[in-house]
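Enquirer: Letter by letter, the sequence shown follows residues 1 to 341 of the numbering used here. Built from N, CA and C at the ideal position, the CB exists for glycine as well. All of these numbers come straight from a predicted model, not from anything done at the bench. One structure coming up, written as structure tokens, with questions to follow.
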Amino acid sequence: MNKMHLKAGSALLLVMMFGQARATEASHATASQRMPNSYAHAAKLIDLGDGRHLNLRCSGGGPQTVVLEAGAVADSSTWFKMQPLLAAYARVCAYDRAGFGFGSEGPMPRGLDADVSDLHALIQRAGLATPLVMVGHSLGSNIVRQYASRYPANVGAMVLLDPPAQDIGRFAPAWQKDEDTFSVQRFAFLRRCEAAAEKHELTSTNPELSQCRGGPDPLASAKLNAVNLALMSKPAYWHTVLSVLQTNVEVFKQPVSKQETHGSTPLIVLSAANTYADALPRDRKGLEEARAHTQAQIVATSSHGTLVHVPDTSHDIQIDQPGAVVKAVRQALGMTQRAPK
């Protein structure tokens, strides 16, 4: 549900590396399904055992459980189209990570290790049945992969939605040079938003702060948009956004580790057709090559890895083509049934 408006150069970075928290404006223009008002409040707050809580939103039923891991600045509402479709076939659980949605703020820094630790605590405290089919979008795919590396017995299969390009500088050096320059502006902007949140100024009419708030989501009701504004106005949100960006940008400057392996665990990568539609023509080829190389490396980490190209979709496959994701998850569920751990 959360969406930030950033300065030039920043929006593409968030799409490529971390995923939008909501659909793109183009998706909004063609979509008809609206986000239900149930997202205006927490579903079930799970105590992690350290005084913090994460919001868990489960639906459906059956012997198998699917866990949905959102992109970096997203919460569980990013799955509003896909989750009800998938709930016809399994128990499906989405959640809000620390600092986003209705999740308590977590200890800093908010890197992959922190997110994986929280995810494991959530799975244990909520009593989710393993092995799980884990679905990760954008940065969520990195969290899922690291979780599977740390707790392989808990993961029956993975479905990764448009994993972001890694080692971009090798393929698109001009883009990386520009990005290093833009990052200074981006973090200065985010720190201004953080400072305004700490002073309780983000709900004011100050036009300079309008980019922090972003515009209303046309797929959400006035009630949902009001809740979203309240959540984004909390200092915890901006503390988390800053930490996520600072910590994980370095992850994407590195190639996929040669030590990463997932054995025979079924792994399906869905690759979006139009992730770089807004990139400069000079950069697009290199960015596409970086992503293709990254996704091929990820597929190769499993002896049962598969790459599926999804047409007519932005980076937000779960918004633009939820049926394609459901098809892949159903395939993963079938493979998990045939090869239990």
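1) Helix, strand or coil for Val73? Go by DSSP, reduced to three states.
2) Residues in the same chain with beta-carbon distance under 6 Å from Ala87, minus the five sequence neighbours each way, listed in chain order, please.
3) Mapping the DSSP letters down to three states, classify Val256 as helix, strand or coil.
4) Whose C-alpha, out of Pro84, Lys44, Ser104 and Ala165, is nearest the C-alpha of Ser271?
5) Give the DSSP-derived three-state secondary structure of Asn228 in the structure shown.
6) Kindly indicate the opening and closing residues of the beta strand (DSSP E) around Asn274.
7) Where do the N-terminal and C-terminal ends of the alpha helix (DSSP H) with Ala121 fall, by residue?
8) Out of Ala72, Tyr39 and Ser210, which one is the CA nearest neighbour of Leu56?
9) Taking only runs of the beta strand (DSSP E) that begin and end inside the stretch 289-338, which ones reach a length of at least 3 residues, in chain order?
10) In the DSSP assignment, what residue or residues form a beta bridge with Asp47?
11) Can you name the residues that DSSP bridges to Arg91?
12) Assign Ser210 to one of three DSSP states: helix, strand, or coil.
13) According to DSSP, what are the bridge partners of Gly136?
14) Do you know offhand how far Val159's Cα is from Thr336's?
15) Mind the definition here: the stretch 189-201 touches the stretch 229-244 only if three or more C-beta pairs lie below 8 Å; say whether that holds.
16) I'd like to know whether the C-beta atoms of Val326 and Leu85 end up nearer to each other than 7 Å.
17) For the 8 Å Cβ check, are there 3 or more pairs between the stretch 166-174 and the stretch 279-289?
18) Could you give the distance in angstroms between the alpha-carbon of Val308 and the alpha-carbon of Ala290?
19) Mind checking which residues open and close the alpha helix (DSSP H) that includes Met351?
20) By the three-class DSSP mapping on this structure, what secondary structure does Arg190 have?
21) Tell me, to the nearest whole angstrom, how far the beta carbon of His137 is from that of Leu161; I am working on the premise that it is less than 8 Å.
22) Buried or exposed for Pro163, going by 16 or more other Cβ atoms inside 10 Å?
23) Below 8 Å on the Cβ atoms is my guess for Gly140 versus Glu250; work out the distance and round it to an integer in Å.
24) Quick check: what's the CA-CA separation for Ala72 versus Leu242?
25) Please list the terminal residues of the continuous alpha helix (DSSP H) segment that includes Arg170.
26) When the distance is taken between beta carbons, is Thr294 closer than 7 Å to Gly111?
27) Under 6 Å Cβ to Cβ from Pro109, same chain only, skipping five residues before and after it: list those, please.
28) Just to confirm before moving on: does the CB-CB distance between Ile317 and Val310 stay below 7 Å?
29) Would you call Thr261 buried or exposed, if buried means 16 or more other Cβ atoms sit within 10 Å of its Cβ?
30) Assign Ser59 to one of three DSSP states: helix, strand, or coil.
31) Under 7 Å, do Ala332 and Ile268 count as touching if we go by C-beta distance?
32) On the criterion of 16 or more Cβ atoms from any shown chain inside 10 Å, does Gly215 qualify as buried, or is it exposed?
33) Indicate whether Ile143 and Asp180 have their beta-carbon atoms separated by less than 7 Å.
34) Could you tell me which residues DSSP pairs with Val269 in its beta bridges?
35) With Asp118 and Arg145 assumed to form a contact (beta carbons below 8 Å), what rounded beta-carbon distance in angstroms separates them?
36) Does the beta-carbon of Val133 have 16 or more other beta-carbons within 10 angstroms, so that it is buried, or is it exposed?
Expert: This is what the structure gives:
1) coil
2) Ser59 and Gly60
3) coil
4) Ala165
5) helix
6) It is not in any beta strand (DSSP E) - Asn274 carries neither H nor E in the DSSP assignment.
7) Leu112 to Ala126
8) Tyr39
9) 305-310
10) His53
11) Thr65
12) helix
13) Glu69 and Leu160
14) 12 Å
15) yes
16) yes
17) yes
18) 17 Å
19) There is no way to answer for residue 351, as the model of the chain reaches only from 1 to 341.
20) Looking at the sequence itself, residue 190 is Leu, so the reference to Arg does not match. Helix.
21) 4 Å
22) buried
23) About 18 Å; that fails the 8 Å criterion.
24) 11 Å
25) Ile168 to Phe171
26) no
27) Ser243 and Thr247
28) yes
29) exposed
30) strand
31) yes
32) exposed
33) no
34) Leu160 and Leu307
35) 16 Å between Cβ atoms; not a contact.
36) buried
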